[in-house]
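Trainee: If you're matching positions, the sequence shown starts at 10 in my numbering and goes up one per residue.
Let me begin by handing over the structure; questions about it come next.
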Amino acid sequence: MGRTTVFGRAQLASDYRRAKEIYSSMGVDSDTALERLSKIKISMHCWQGDDVGGFEVKKGALDGGLVATGNYPGKARNADELRMDAEKAFSLIPGKHKFNLHAIYLESDGRFVERDQIGPEHFKNWIAWAKENKLGLDFNGTFFSHPKASSGFTLSNADKSVRKFWIEHGKRARQVAAKFAKDLGQASVCNLWIPDGAKDFPADRLSPRKRLIESLDEIFKTPAPKNAKDAVEGKLFGIGSEEYVVGSNEFYLGYAISRKIMPCMDMGHYHPTEGIYDKVSAVAGFLSEILVHVSRPIRWDSDHVVILNDDLANLAREIVRANMLDRVYFATDFFDASINRIGAWVVGVRSLQKALLAALLEPSARLREFEDSGMNAEKLALAEEMKTMPLGAVWNQFCDMNSVPAGHEWLEELNKYENNVLSKRI
Ligand code: RNT
Ligand code: ZN
Numbered sequence: 010m011g012r013t014t015v016f017g018r019a020q021l022a023s024d025y026r027r028a029k030e031i032y033s034s035m036g037v038d039s040d041t042a043l044e045r046l047s048k049i050k051i052s053m054h055c056w057q058g059d060d061v062g063g064f065e066v067k068k069g070a071l072d073g074g075l076v077a078t079g080n081y082p083g084k085a086r087n088a089d090e091l092r093m094d095a096e097k098a099f100s101l102i103p104g105k106h107k108f109n110l111h112a113i114y115l116e117s118d119g120r121f122v123e124r125d126q127i128g129p130e131h132f133k134n135w136i137a138w139a140k141e142n143k144l145g146l147d148f149n150g151t152f153f154s155h156p157k158a159s160s161g162f163t164l165s166n167a168d169k170s171v172r173k174f175w176i177e178h179g180k181r182a183r184q185v186a187a188k189f190a191k192d193l194g195q196a197s198v199c200n201l202w203i204p205d206g207a208k209d210f211p212a213d214r215l216s217p218r219k220r221l222i223e224s225l226d227e228i229f230k231t232p233a234p235k236n237a238k239d240a241v242e243g244k245l246f247g248i249g250s251e252e253y254v255v256g257s258n259e260f261y262l263g264y265a266i267s268r269k270i271m272p273c274m275d276m277g278h279y280h281p282t283e284g285i286y287d288k289v290s291a292v293a294g295f296l297s298e299i300l301v302h303v304s305r306p307i308r309w310d311s312d313h314v315v316i317l318n319d320d321l322a323n324l325a326r327e328i329v330r331a332n333m334l335d336r337v338y339f340a341t342d343f344f345d346a347s348i349n350r351i352g353a354w355v356v357g358v359r360s361l362q363k364a365l366l367a368a369l370l371e372p373s374a375r376l377r378e379f380e381d382s383g384m385n386a387e388k389l390a391l392a393e394e395m396k397t398m399p400l401g402a403v404w405n406q407f408c409d410m411n412s413v414p415a416g417h418e419w420l421e422e423l424n425k426y427e428n429n430v431l432s433k434r435i
C-alpha cells in the first residue's frame, strides 16, 4: 500500500542474480544454500514475550538465578496476548518454525494447578494455535519460581518429598511434549533445566549429584514415544549458585551419553571466553543428537538478545561443516525486558538464520583443499574475503521467497504493532 521500499521485487532478483554468480565462482551454489536453510526449524522461546513470568494462578517471582532486567512497556499479560505477539514475530521471520513453551505457560481457567498436576489438557489452546499457524511446539519443565524450589534444590534435594514433587513435574512435562509430538506430527523436545546449586563451597558435592541421577532416571524410566525428544541442560554457575551447580556441564554430558538422550548446550552456560562451537564435533561421535540454546552472554550468563557475532557464526559454521544440521535442534534462549520484546524475538531468530545462511554459503570444499595442501595463507585469505561477500542479497532473497520484509524493512511493521497494540497495554 504505497510503502516505499528499496527492496522491490526486480531489485531483489537482480541483487540475488549477481550474488549467486559471485558465490558460484567459489564453487558454492546459493540456491542449494537457500533450499537447506528453508528446512531448518528454529524453536522460538515463549519467555522473551513476558520476561519469564508465565500464567500460573499463584505466580512466583522469577528466581533460580534468572534475571530479566528492564521494564519496557507492553509485555504480554496472558496467553492470548503472548500468542498474538508471537504471531507478529513469526510474520517477520522467514520460514515455518516452532514455539518453545515452559510449564508455567499453562492455561487453567483461573484454577490453581500445582506443578505436579500439569498435563496436556492445560496446553490445548497452544496445540490448537500451533496447528492453525503450522508451528511445532517444544516444552520445558519449570523447576524455579516456586516455593518448593526456594531452598535452591529441586531434583537433588535431600528431602525425599521435595524430590518426589519435582520428579512428578518432570514426568508430566514429558507427557506434555509427547502430546505435542503426537498432535502436531513432528518432533517435540522436552528440555529439563534445574537451578540446583550452592552459593559457596558445599561440604558435600557428591550426594546431590547422586540424588540427581536417581531422580532423572525415575523421570526417564518410560521411554519417549515417537517424535518426543528428551534433553537435559547443564550450566556452570547461576546467580546464587556461583560456586556449585549440581547439574554442571560435565554431569549432564555424562548423563546424556550414558542414557542416550540429548544434552542441551546453552551458549551462556560455560566460562565467559568458552564458545560452544568446538563442542559440536567433540560430542559428534558419542551422541546422536544435541539441543542448542542460542543465547548471548555478556560477561556472565546475561541472556542478551542473540546477534550475528563471531560466537554465533562459528557455531553455525561448525554444525554445517560437521554435517550435523539434522542432528541439532536449535532453540533461542534470551530475555531482555528493556526493549520491544517482539523486536527482540525477531532480531534473535533472524540473526541465527543469517548465521546459518553464512555457514551454508561457505566455500568449504575450497577451504579444505587449501588446508590439506598446506596453503594456509590462502585459507585465511578466503575465509576473510567471505566476510564481505554479498550474504545480504541472498538473505533478502530468502525473505522475499518467504513473503516477509527484506533487510531492515520489518522495522516499519514493528513500529506499527508497538503503536497499535503494545502501547495500549497499561
Ligand atoms: C537457565 C537456562 C534455561 C532458562 C529457561 C527459562 O540458565 O538457560 O534454559 O533460560 O529455561
Ligand atoms: Zn538455556
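Here a beta-carbon is modelled for each residue, glycine too, at the ideal position from N, C-alpha and C.
1. For a test of your reading of the model: does the CB of N149 fall under 7 Å from any non-hydrogen atom of ligand 1? Yes or no.
2. Indicate the three-state DSSP secondary structure (helix, strand or coil) for I307 in the structure shown.
3. Going by DSSP, name the residue or residues bridged to M384.
4. Buried or exposed for D118, going by 16 or more other Cβ atoms inside 10 Å?
5. Decide if E327 is buried, meaning its Cβ has at least 16 other Cβ atoms within 10 Å, or exposed.
6. Answer yes or no: the CB of W175 versus the heavy atoms of ligand 2, is any distance below 7 Å?
7. Am I right that I435 and D94 are in contact with their C-beta atoms under 8 Å? What's the rounded C-beta distance?
8. Is D275 close to ligand 1? I mean its beta-carbon at under 7 Å from any heavy atom of the ligand.
9. Taking the straight line between their C-alpha atoms, what separation do you get for W309 and G277?
10. Nearest by alpha-carbon distance to V61: which of R18, Q126, V403, N149 is it?
11. Checking the sheet assignment: what are the DSSP bridge partners for K238?
12. Per DSSP, which residues does D147 bridge with? Please list them.
13. Given a cut-off of 8 Å on the beta-carbon distance, is the pair S297 and R336 in contact?
14. Note down the Cα distance separating K269 from R27, rounded to an integer number of angstroms.
15. Between the Cα of H313 and the Cα atoms of S360, C273, A325, G294, which residue gives the shortest distance?
16. Mind checking whether the beta-carbon of E227 lies closer than 7 Å to any heavy atom of ligand 1?
17. With DSSP as the reference, label A77 as helix, strand or coil.
18. Between which two residues does the alpha helix (DSSP H) carrying A88 extend?
19. Ordered along the chain, which non-local residues of its own chain (more than five positions away) have a Cβ less than 8 Å from that of N236?
20. How is M271 classed by DSSP in three states: helix, strand or coil?
21. Is the segment 175 to 184 touching the segment 221 to 239 in the sense that three or more CB pairs, one from each, lie closer than 8 Å?
22. Pick from F153, V15, K107: whose alpha carbon is nearest that of K140?
23. Tell whether a beta-carbon distance below 8 Å holds between G79 and I248.
24. Okay, do the segment 14 to 22 and the segment 388 to 397 touch, 3+ Cβ pairs below 8 Å being the bar?
25. Based on Cα-Cα distance, which residue from G401, A392, V413, E427 lies nearest to M35?
26. For ligand 2, is there any heavy atom lying closer than 7 Å to the beta carbon of H302?
27. Verify the contact flag: D409, CB atom, against every heavy atom of ligand 1, threshold strictly below 7 Å.
28. By a C-beta neighbour count over all protein chains shown, 10 Å radius and 16 as the cutoff for buried, is K219 buried or exposed?
29. According to DSSP, is A364 helix, strand or coil?
30. Following the continuous beta strand (DSSP E) through H54, name the residue where it begins and the one where it ends.
31. In three-state DSSP terms, what is N323?
32. So, do the segment 276 to 293 and the segment 318 to 333 have three or more beta carbon pairs nearer to each other than 8 Å?
33. Beta carbon of D118: closer than 7 Å to some heavy atom of ligand 1?
34. Considering just the uninterrupted stretch of the alpha helix (DSSP H) at T341, what are its terminal residues?
35. Taking Cβ to Cβ, would you say L245 is nearer than 8 Å to C273?
36. Quick one: using the 10 Å Cβ neighbour count with 16 as the cut-off for buried, is F295 buried or exposed?
Mentor: According to the data block:
1. yes
2. DSSP, reduced to helix, strand and coil, places I307 within a strand of the structure shown.
3. For M384, DSSP records no beta bridge to any residue.
4. exposed
5. buried
6. no
7. Contact between I435 and D94 is ruled out by a C-beta separation of about 16 Å, above the 8 Å threshold.
8. yes
9. Going by the C-alpha atoms only, they are around 7 Å apart.
10. N149
11. V198
12. In the DSSP secondary-structure assignment, D147 is bridged to N109.
13. yes
14. 46 Å
15. S360
16. Because no heavy atom of ligand 1 lies under 7 Å away, the Cβ of E227 does not count as near it: no.
17. coil
18. 88 to 100
19. For N236, where only same-chain residues beyond five positions count, the Cβ hits under 8 Å are A190, K191, G194, Q195, A196, S197.
20. strand
21. yes
22. K107
23. no
24. no
25. A392
26. yes
27. no
28. exposed
29. A364 sits in a helix when the DSSP states are folded into three classes.
30. First-last of the beta strand (DSSP E) with H54: 51 to 54.
31. In the structure shown, N323 adopts helical secondary structure according to DSSP, grouped into three states.
32. yes
33. no
34. No alpha helix (DSSP H) contains T341, which is instead part of the beta strand (DSSP E) from 337 to 341.
35. no
36. exposed
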